[in-house]
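Participant: Numbering (the numbering used here), first residue to last: 148 to 525. Don't be surprised by glycine CBs; every beta carbon is placed ideally from N, CA and C. These numbers were taken from a predicted model, which means no experiment stands behind them.
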Amino acid sequence: MRVTTEQVTGRREKNGERAVEFAEAEEFVRQCQAEGVCSGERPARRLARIRAEIERTGTYRHTTAELTFGARVAWRNAARCIGRLYWRGLRIRDRRDVSSAAAIARECVLHLREATRGGRIRPTVTVFAPDTPAAPGPRIHNEQLIRYAGYELDDGSVLGDPRYTAFTERVRARGWRPPRRRGAFDVLPLLVESAPGEPRLFTLPRDAVLEVPLRHPDHAWFANLGLRWHAVPAISDMPLVIGGVRYPAAPFNGWYLGTEVGARNLADAGRYDLLPAIAKLMGLSTASERTLWRDRALVELTLAVQYSFDEAGVTVADHHTESRRFLDHLAREERAGRRCRADWSWIVPPLSGGQTVVFHRYYDEPDPAQRPAFVPPG
Ligand code: ARG
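(1) Taking any heavy atom of the ligand ARG as the mark, which residues have a C-beta closer than 7 Å to it, listed down the chain?
(2) Am I right that E317 and F275 are in contact with their C-beta atoms under 8 Å? What's the rounded C-beta distance?
(3) Tell me where the alpha helix (DSSP H) around F349 begins and ends.
(4) Could you tell me which of R375, D457, A218 and V505 sits nearest to P395, measuring between CA atoms?
(5) Report the partner residues of G303 according to the DSSP bridge assignment.
(6) Determine the extent of the alpha helix (DSSP H) in which I251 is found, giving its start and end residues.
(7) Looking only at DSSP bridge pairs, what is A381 linked to?
(8) Using the three-state DSSP reduction, which class does P513 fall into: helix, strand or coil?
(9) Can you give the Cα-Cα distance for T315 and E213, rounded to whole angstroms?
(10) Report yes or no: do the stretch 196-215 and the stretch 246-263 share at least 3 C-beta pairs separated by less than 8 Å?
(11) Opposite F521 in the DSSP bridges: which residues?
(12) For the alpha helix (DSSP H) that contains T273, what are its first and last residues?
(13) With a cut-off of 8 Å, do at least 3 Cβ pairs link the stretch 438-457 to the stretch 473-487?
(14) If contacts are defined as beta-carbon pairs under 8 Å, then E171 and R518 qualify, I think. What distance do you get, rounded to the angstrom?
(15) Alpha carbon to alpha carbon, what distance is there between A489 and T350?
(16) Kindly give me the distance between the Cβ atoms of R411 and P497, rounded to whole angstroms, as I take these residues to be in contact under 8 Å.
(17) In chain order, what residues of the same chain lie with their CB nearer than 6 Å to the CB of G405, ignoring the 5 residues before and after it?
(18) Tell me whether the stretch 492-507 and the stretch 429-441 touch, counting them as touching only if at least three CB pairs, one residue from each stretch, are closer than 8 Å.
(19) Along the chain, where does the beta strand (DSSP E) that runs through E164 open and close?
(20) What is the residue span of the alpha helix (DSSP H) that E458 lies within?
(21) What residues in its chain sit with their C-beta under 6 Å from that of G297, if we drop five residues either side in the sequence?
(22) Name, in chain order, the residues that DSSP records as bridge partners for E200.
(23) Ignore the nearest five residues each way along the sequence and tell me which others in R235's own chain have a CB closer than 8 Å to its CB.
(24) Which value, in whole angstroms, describes the spacing of the CA atoms of A252 and R472?
(25) Can you find the residues in the same chain that come closer than 7 Å, C-beta to C-beta, to R238, ignoring five residues on each side of it along the sequence?
(26) Return the CA-CA distance between G266 and E358, expressed in angstroms with no decimal places.
(27) Closest by CA to A397, which one among E173, Q502, G391 and R286?
(28) Less than 8 Å separating the beta-carbons of M385 and F521?
(29) According to DSSP, is R526 part of a helix, a strand, or is it coil?
(30) Would you list, in sequence order, the uninterrupted alpha helix (DSSP H) runs of no fewer than 4 residues that lie entirely inside the stretch 400-432?
(31) So the candidates are V356, V339 and A226; which of them puts its Cα closest to the Cα of L348?
(32) Closest to N289 by CA distance: which of R418, S383 and D244 is it?
(33) State the DSSP-derived secondary structure class of I287, mapped to helix, strand or coil.
(34) Taking the C-alpha atoms as reference points, what is the distance between W368 and Y510?
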């Protein structure tokens, strides 16, 4: 068993303080080679240089080809993601040399603009500096680049997204001022910590945040609810780990699956909790579970999300099509001699599970030690 700094000193081990394990670099370089990624020199030579670099500095610098391949494979390894068929299409923005908090925030804005493309969403990752023994890399404290504030009201209810009440408090304590008229969809500022430094706040410019107002193809009243959602899900708090090197800030995005918004974000009791209101507007009795009002409202809400995104020309997937594509991906991976690990409870959509092909089978269990990977924050 490896003894951690914490066990020795009682301190929590900071990745930034520890040298890269050569074995992890070696495993990655061999994988690059096995999958035909050329770093411009023979693997033995590349490994010798990496070994020398680690001995000298405690870390090593990935080539552009290695970084690109590593980030793409991290996506391929994401056991919870149903959209992995497109892993080779991930666009990498190499920003390892950007260091000030302001410059990092600027790059996040550029990331959003380039990934959004007016609605033709492009899977993109921006990689900032890694942790090194000399200094930790920067951090983006937001869970996603675009999220909505949650305000706790005096009566105990929440205006906005209840998932972000604590984060909203945190940025307010640091000086963020909500809009004068607070709403249910106020975009939160970025909280960026450069290496090393105090976290700083940055407001996202309006035109960097594409949003879709929601309406329903058949129910005119739906639009009056004033619902909307942002076009791009860009996770910003999961470190990217490649060949022993940890990049703590590496925001990445794909495009939405309608169910993520319609059957979770807007529907979950701990989020916008909109099913009771929608069921009532549909004329359903919410007095008994046996009218299946939840189920009926859930379908219409998800349909509204999909319809509105389509009408706005914003990329969005549906769970039936994406489920079939995932099984295509699985078959492709097997043909390439790889096992594709998957977390059933995340892969199966939260709506009509049994009507999608991904429901009717099991998958190789996720392996938390698999690398490269986007790893849990913290
Ligand atoms: N479920 C998360 C959300 O609703 C986003 C997770 C990533 N999703 C994606 N389609 N890439 O915000």
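Facilitator: According to the structure data:
(1) C228, G230, Q291, P380, I382, N400, G401, W402, Y403, L404, E407, V408, R411 and N412
(2) Glu is not the amino acid found at residue 317; the sequence shown has Arg there. The pair is not a contact, with the Cβ atoms about 21 Å apart (cut-off 8 Å).
(3) That residue, F349, is in no alpha helix (DSSP H); its beta strand (DSSP E) goes R347 to F349.
(4) Here the closest residue by C-alpha is A218.
(5) Beta-bridge pairing links G303 to no other residue.
(6) A248 to T263
(7) N400
(8) coil
(9) 37 Å
(10) no
(11) L387, per the DSSP bridge assignment.
(12) T273 -> not in any alpha helix (DSSP H); beta strand (DSSP E) instead, spanning T271 to V274.
(13) no
(14) 7 Å
(15) 36 Å
(16) Their Cβ separation, rounded to whole angstroms, is 6 Å, which keeps R411 and P497 in contact under 8 Å.
(17) A distance below 6 Å between beta-carbons, with the five flanking residues on each side excluded, links G405 to the following residues of its chain, in chain order: T449, V452, Q453, V463 and D465.
(18) no
(19) Premise fails: E164 is in no beta strand (DSSP E) and is neither H nor E.
(20) W440 to A459
(21) V305, G307, D308, P309, Y311, T312 and T315
(22) Among the bridge pairs identified by DSSP, E200 is matched with none.
(23) R219
(24) If I take the Cα positions, the gap works out to 34 Å.
(25) R269, P270 and T271
(26) 10 Å
(27) R286
(28) In this structure, M385 sits near F521, with a CB-CB distance shorter than 8 Å.
(29) An answer regarding residue 526 cannot be provided, because it is not within the stretch 148 to 525 covered by the chain.
(30) Contiguous alpha helix (DSSP H) elements confined to the stretch 400-432 occur at 422-428, taking only those with 4 or more residues.
(31) V339
(32) Closest by alpha carbon: S383.
(33) Look at I287 here: in three-state DSSP terms it is strand.
(34) 42 Å
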